[in-house]
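The numbering of the sequence shown is UniProt numbering, which starts it at 1 and goes up by one.
Notes follow the structure.
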Amino acid sequence: MHLRLRGEKVEKEVLKQAAEKFGTPIYVYSLPKILSQIELVKSTLEGVNYSLAFAMKANFNQDLLKLFHSLGLMIDCVSIGEYLRARKVGFSPSKIIVNGNCKKREELKLYVDEGIFSINLDSYEELIRLEALANKPVNVCIRVNPDVDAKTDPHIATGLKEHQFGVDYDTAARMIERISKNGNIKLIGLHCHIGSQIVEVEPYEEALNSLKDFVRQMNLNIQVLNIGGGWGIDYGDGKSLNLKDYKKRIVPLLKDFNVKIVLELGRFIVGPAGYLVARVEYVKKTNSKIFVIVDTGMTHLIRPALYGAKHRIIPLYDTLDREETVADVVGPACESSDVIRKTITLPLPREGDLIAIGETGAYGYAMASDYNLIPKPLEIIWDGKMLFRSS
1 MHLRLRGEKV
11 EKEVLKQAAE
21 KFGTPIYVYS
31 LPKILSQIEL
41 VKSTLEGVNY
51 SLAFAMKANF
61 NQDLLKLFHS
71 LGLMIDCVSI
81 GEYLRARKVG
91 FSPSKIIVNG
101 NCKKREELKL
111 YVDEGIFSIN
121 LDSYEELIRL
131 EALANKPVNV
141 CIRVNPDVDA
151 KTDPHIATGL
161 KEHQFGVDYD
171 TAARMIERIS
181 KNGNIKLIGL
191 HCHIGSQIVE
201 VEPYEEALNS
211 LKDFVRQMNL
221 NIQVLNIGGG
231 WGIDYGDGKS
241 LNLKDYKKRI
251 VPLLKDFNVK
261 IVLELGRFIV
271 GPAGYLVARV
281 EYVKKTNSKI
291 FVIVDTGMTH
301 LIRPALYGAK
311 HRIIPLYDTL
321 DREETVADVV
331 GPACESSDVI
341 RKTITLPLPR
351 EGDLIAIGET
361 GAYGYAMASD
371 YNLIPKPLEI
381 IWDGKMLFRS
391 S
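Here it is as structure tokens:
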């Protein structure tokens, strides 16, 4: 029995079996769905000289990381903790890219010593810091902020001049000049990540054309163009990045650069492959509304509270003869913001019923907290045949 996800009938029995076997709340990840997402990347970038780097910030589950390592993917890290985990599961330094705007001296020194694929410099000040530490050759890319509106949630946009990530073109030009005078720091390329959950092609087009103009003006001879990630997925509203349009309009631009393209994708790879399964503990009826209180919430999935994000709520109970009702699905934390979905219409559940929260493979467990000391959920892997608890 295969766990068939978005676009097909959801095999609810698998999620119910997982809850019966491991209890609730639990995250369930589908390996077949992850592999199908990677195949979509391959078909979209057909003919492009590229490497896919998994953005670990989306999900740092070790079993998933081991899968990506076995598939030959690179890895994108944004902290020393992520870097050490990548090394632990087997990624060689030559397969690791390090991003982030707050790299400490001891971290930079480690990256230099181990010879990673590239340190993506986030500021002129970081370059100065690296100069004092680079006692051997080290590859770098400069993260350029092209001042492009990614047309996504402001909380996850990163490509405008008001954002703290990357540098403007004038600063990038000064960095390039400075690097040219340092024998140990080798500029291999540029990096540009304008945001996450992007569902329109235009921002990518604008950013790439901007980068192309800069490369031409500077007469740059680069080996790598790291275009970040951000491919948007469907969270139940029917909006996602149109890959056919992306292939038609963006792939030719990528080919024109005639360099190695690096793509950092996280959400697109694992987001649709994850479910957070929870149990209904109470159906609380007041004079003004109905609250469906479940045993998971903002401490396990903070996106709704943090961004106002909306995830699908999938009943895993028999909905026949259940009255349709409008309710708030809420969690157990002592915060009024612990709301998974507000005013959602669903068949009225009962105490003990199971629900699944869809598209939680990215920025779910990775952002979980110990607030209220509510125990974190287990992570369960579905390999297409068996369910097993992840280490």
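Ideal Cβ positions, reconstructed from N, Cα and C, are used throughout, including at glycine.
Every value quoted in this text rests on a predicted model; they were computed, and no experiment measured them.
Query, Result
"Nearest-angstrom Cβ-Cβ length linking A278 and T299, presumed shorter than 8 Å", "Rounded, the Cβ-Cβ distance is 12 Å, inconsistent with contact."
"First and last residue of the uninterrupted alpha helix (DSSP H) at T360", "Element bounds for T360: n/a, residue is neither H nor E."
"Which listed residue (A362, N226, P375 and M386) has its alpha carbon closest to that of M74", "N226"
"E106 to S391 span [Cα, whole Å]", "29 Å"
"Coil, strand or helix - T44 by DSSP", "helix"
"Status (buried if at least 16 other CB within 10 Å, exposed otherwise) for I97", "buried"
"For D328, the residue or residues it bridges with in DSSP", "F291"
"Under 9 Å between C-beta atoms of T44 and K239", "no"
"Sequence-distant residues of the same chain with beta carbon closer than 7 Å to Y124, five excluded per side", "V167, T171, R174 and M175"
"For P93 and residue 402, believed in contact at Cβ under 8 Å, the rounded distance", "Outside the shown range of the chain, which is 1 to 391, sits residue 402, and nothing can be said about it."
"Beta-carbon proximity of L67 to L263, cut-off 9 Å", "no"
"Option in I222, G228, F91 and I119 with minimal Cα separation from S196", "G228"
"Touching by the beta-carbon criterion (3+ pairs, under 8 Å), the region 78-94 and the region 11-23", "no"
"For S70, three-class secondary structure by DSSP", "helix"
"Distance, E202 Cα to Q217 Cα", "23 Å"
"Test item: CB-CB of H193 and N59 under 9 Å", "no"
"Nearest to A362 (by Cα), restricted to the options L254, G352 and G230", "G230"
"Buried versus exposed, by CB contacts within 10 Å (16 or more), T152", "Because the pLDDT at T152 is just 48, under 50, the model does not fix this residue reliably, and the point stays unresolved."
"Residue nearest to K88 in terms of C-alpha spacing, selected from S118, N61 and C334", "N61"
"Contact under 9 Å by Cβ, V326 with I340", "no"
"Environment of M56 [buried if 16+ CB atoms lie within 10 Å]", "buried"
"Cβ-based burial, C141 [other Cβ within 10 Å; buried from 16]", "buried"
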